[in-house]
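Trainee: After the structure tokens below, expect a handful of questions from me.
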Amino acid sequence: MQKIGNNVNIQEAEELRLTILSQFNQFPPGRQKVYAGVSLMKSLAHLKNEELKATNNQSNLRLENAELLSNYCLPDASTVSESLSSNTRTLSWEEIVDRGAKAVKLGRDLGDLRATAYALGNLGGIYEQKKQWLEAQQCTEQALLLSQNVRLNSPDLAYQWQWQLGRIRRDGKERDIEGAIAAYTAAFNTLQSVRNDLVPISRDGQFDFRDRVEPVYRELVDLLLQAEEPSQKNLKQARNVIEALQVAELDNFFREACLQIKTKQIDGIDRTAAVIYPIILDDRLEVIVSLPDQLLHHRSSDAPRKKVEDFVKKLQEELSEAGGRAEVPKISKFFYDWLMEPFNKYLRQYPDVKTLVFVLDGSLRNIPMGVLYDYDEVTQKGSYLIEKYAIALAPGLQLISPNSWQPERLKVLIAGLSEERTFPGRTPFLALKYVDQELGNLKKEVPSSKKSLINQEFLKNSLRDEINSWRSSVVHIATHGEFSSDPEQTFIVAYDGVIQSKELSDILSGMRTSEGNSIELLVLSACKTAKGDPRAALGLAGVAVRSGARSTLATLWYVDDESTAELMIRFYNELKKPNVNKAEALRQAQLSLLAKQPDSYYWAPFVMFGNWL
């Protein structure tokens, strides 16, 4: 077929459309033709919607979902998709709906339950776009019934129609919120029941997961928290859903369901901790706080996603370079007002609360909570959150083993790289001039392994062998590293090459598999999050959780300064003390540095992830 340029006139576009329909009709009857018919219907609907947006016949329309055509073998689909996107005025909704109806009929004639359910559900989606709510609901309910048929049992289809039914009930004329919550809850439960299959569902990677799976969780939370005073039942369900999303994100990060879920909520075990769940929605920021009495408290702020992400970006920029101290309190006060200020009146009722555990969402993972700034207009004095509370980050409390730290178990495997290293295809990793000082101090001050893996001795296999053979409770690695939302771009650097996230997790989990023990604490003291990646800290969470380490102390940006060595020694000295948990040990180390060096660039990047006890 001759390719036609961007500016196709109406007659040419109509001729092209008829040619494609003729080619489509040449498909032999079968499931593939049903799928191709649905694909064609969805593509035409996309064009129709774009056509309605165009004005004065001047818009060159683009078919963003052209792959729908090519996926089902329409001849020359990759060539014609661009031409189909011309500003034709010949499409009608009746023709588009007829395409879907014919696909449904073919599926039924074939006796193919899956193809019929697929066609019916997508036809319901077209009616949803047209706001024909009755027809949309009827088609969707029929598709759902077929998807749940015992002979078919297709949860990968069922969750889509449950989700669609929820949207129809939410957005339809009746605005049936309770019915929408029920349908969304069913979709959520279906996804949870097939957790091992979430990766195939999101077969195209991170962006596909964000389009096809993540919205189910977020839209359900949105519905549960729409009331000005949500019930405790809704708050608990919203908390459980957002925790489940954290697990799903980590599964998707590693492209497999690799996380062991604890079935018991452990936030009631530590009576000195409060747990804070910020939830970023498109139009607002929701926060749920769990206090030791097990009651949940809630506050909604007028902070849409874009506003939150813009402020995160600004704060990151100020934090990541020395000298940004003046602006940091101004920006971080916004986060304090959103996440903390509404709950101070409750926290004052619990003076025993010493630790704040944040289950962070989205881009909020990229900023340290310790820099949240409370400024009193009356006294004109302010303080950072770290000055009041020990702080820990968690991917969800269901993932955390509740074992408490035992000082007598402090034995450290020391590894690191101070020399410059260059590997093919990568930017050179410059020398880390303060790593020798950091690791040298550790060897003097802390019970450590007989063999330290430094520079030429820090090889991939050597690290694996040491972890497998020596029962260290702590693994301390000081080397270049980067966290990213892409597992292929999440790594640390050994002397003989880059260790990517999956390999690193496999190496670190060797202790757990060899004798059933886990690393109590993993320290990564010279790492950073990838610039420009709003979900970069997902890489930190992924490495921390999959390694099996109960806790991970890491840096969100690398500080090339001797202050890091000073902080680390203070941290380990605090860990030696009785009745000091890991989060409090880090807090004391940060406060000692804050007293000498107020610039948050130096003391703020260190975060405790996982078990804070």
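FYI, the numbering for the sequence shown is 0 to 612, going by numbering that gives the first Met the number 0. Note that the Cβ used here is the ideal one computed from N, Cα and C, for glycine as well.
Looking at C-alpha atoms only, which residue of 149, 151, 143 is the closest neighbour of residue 613?
Mentor: The structure shown does not extend to residue 613, since the chain spans only 0 to 612, so no value can be given for it.
Trainee: Between residue 564 and the rest of its own chain, which residues show a CB-CB distance below 7 Å, the 5 nearest in sequence each way excluded?
Mentor: These residues qualify, in order along the chain: 433, 436, 437, 440.
Trainee: Among 610, 609, 94, 604, which residue has its Cα nearest to the Cα of residue 661?
Mentor: Not covered by the structure: residue 661. The range shown for the chain is 0 to 612.
Trainee: With DSSP run on the structure shown, which of helix, strand or coil describes residue 45?
Mentor: Reduced to three states, the DSSP call for residue 45 is helix.
Trainee: Taking all protein chains shown into account, decide if residue 594 is buried (16 or more other Cβ within 10 angstroms of its Cβ) or exposed.
Mentor: Exposed is the call here.
Trainee: Where does residue 379 fall in DSSP's three states?
Mentor: Coil.
Trainee: Can you name, in chain order, every residue of its own chain whose Cβ lies under 6 Å from the Cβ of residue 600, other than the five neighbours on each side?
Mentor: 321.
Trainee: Report the option in 417, 527, 532, 520 whose CA atom is closest to the CA atom of residue 584.
Mentor: It is 520.
Trainee: Which residues in the same chain have their Cβ closer than 7 Å to the Cβ of residue 90, if we skip the five residues on either side of it in sequence?
Mentor: If we look at residue 90 and ignore the five residues flanking it on each side, its Cβ neighbours are 43, 46, 47, 50.
Trainee: Can residue 299 and residue 224 be called in contact, C-beta distance under 8 Å?
Mentor: A contact, by the Cβ cut-off of 8 Å.
Trainee: Give every residue of the same chain whose Cβ lies closer than 6 Å to the Cβ of residue 303, excluding the five residues on either side of it in the sequence, and list them in chain order.
Mentor: So the list reads 282, once near-sequence residues are dropped.
Trainee: Could you tell me whether the region 342-359 touches the region 562-579, using the rule of 3 or more Cβ pairs below 8 Å?
Mentor: Contact fails: fewer than three Cβ-Cβ distances are below 8 Å.
Trainee: Who are the Cβ neighbours of residue 30 in its own chain at under 6 Å, not counting the five residues just before and after it?
Mentor: Result list for residue 30: 111, 114, in chain order.
Trainee: In this structure, how does DSSP classify residue 373 when only helix, strand and coil are distinguished?
Mentor: In the structure shown, residue 373 sits in a strand (DSSP, three-state: E or B).
Trainee: Enumerate in chain order the residues of its own chain whose CB-to-CB distance from residue 357 is below 6 Å, with the five nearest sequence positions on each side excluded.
Mentor: The answer, listed in chain order, is 275, 368, 392.
Trainee: Do you know offhand how far residue 312's Cα is from residue 455's?
Mentor: Roughly 38 Å separates the two Cα atoms.
Trainee: Would the beta-carbon of residue 156 fall within 8 Å of that of residue 120?
Mentor: Closer than 8 Å, so yes.
Trainee: Would you mind working out which of 387, 331, 343 sits nearest residue 371, comparing C-alpha positions?
Mentor: Comparing Cα-Cα distances from residue 371 to each of 387, 331, 343, the minimum goes to 331.
Trainee: Based on Cα-Cα distance, which residue from 560, 602, 500, 507 lies nearest to residue 254?
Mentor: Of the candidates 560, 602, 500, 507, the one whose C-alpha sits nearest the C-alpha of residue 254 is 500.
Trainee: When the Cα atoms are used, what is the spatial distance from residue 428 to residue 467?
Mentor: Roughly 28 Å between the two C-alpha positions.
Trainee: Mind listing, in chain order, the continuous alpha helix (DSSP H) runs of no fewer than 4 residues lying wholly within the region 278-333?
Mentor: Listed in chain order, they are 304-318.
Trainee: Looking at C-alpha atoms only, which residue of 606, 597, 216, 341 is the closest neighbour of residue 327?
Mentor: Of the listed residues, the one whose Cα sits closest to residue 327 is 597.
Trainee: Determine the DSSP secondary structure at residue 355, reduced to helix, strand or coil.
Mentor: Looking at residue 355 - three-state DSSP - the assignment turns out to be strand.
Trainee: Would the beta-carbon of residue 230 be found less than 7 Å away from any heavy atom of the ligand NAD?
Mentor: Annotation note on the ligand NAD: not contained in the displayed structure, which lists no ligands.
Trainee: In the structure shown, what three-state DSSP assignment does residue 409 receive?
Mentor: Correct three-state label for residue 409: coil.
Trainee: For residue 95, collect the residues of the same chain with a Cβ closer than 8 Å to its Cβ; drop the 5 residues on either side in sequence, then sort them by chain order.
Mentor: Contacts found: 40, 43, 44, 47, 125.
Trainee: For a test of the three-state rule: what should DSSP assign to residue 163, helix, strand or coil?
Mentor: Three-state DSSP puts residue 163 in a helix.
Trainee: To the nearest whole angstrom, what separates the beta carbons of residue 453 and residue 415, a pair I think is in contact under 8 Å?
Mentor: Contact holds; Cβ gap of about 6 Å.
Trainee: So the alpha helix (DSSP H) residue 650 belongs to, where does it begin and stop?
Mentor: Past the boundaries of the shown model lies residue 650; the chain is included only from 0 to 612, so the question cannot be answered.
Trainee: In terms of alpha-carbon separation, which member of 504, 526, 528, 530 lies closest to residue 518?
Mentor: Closest option to residue 518, Cα to Cα, is 504.
Trainee: Taking 7 Å as the limit between beta carbons, can you name the residues of its chain near residue 271, skipping five residues before and five after?
Mentor: Closer than 7 Å at Cβ, skipping near neighbours: 351, 352, 353, 354.
Trainee: Using C-beta distances below 6 Å, list every residue in its chain close to residue 497, excluding the 5 sequence neighbours before and after it, in chain order.
Mentor: Contacts found: 490.
Trainee: Please classify residue 422 as buried or exposed, where buried requires at least 16 other C-beta atoms within 10 Å of its C-beta.
Mentor: Exposed, by the Cβ-count rule.
Trainee: Name the DSSP beta bridge partners of residue 254, please?
Mentor: DSSP, once it has assigned bridges, lists no residue as partnering residue 254.
Trainee: Roughly how many whole angstroms lie between the Cα atoms of residue 237 and residue 220?
Mentor: Cα to Cα, residue 237 sits roughly 5 Å from residue 220.
Trainee: In chain order, what are the residue ranges of uninterrupted alpha helix (DSSP H) at least 4 long that sit wholly in the region 439-478?
Mentor: Complete alpha helix (DSSP H) runs here, min 4: 459-468.
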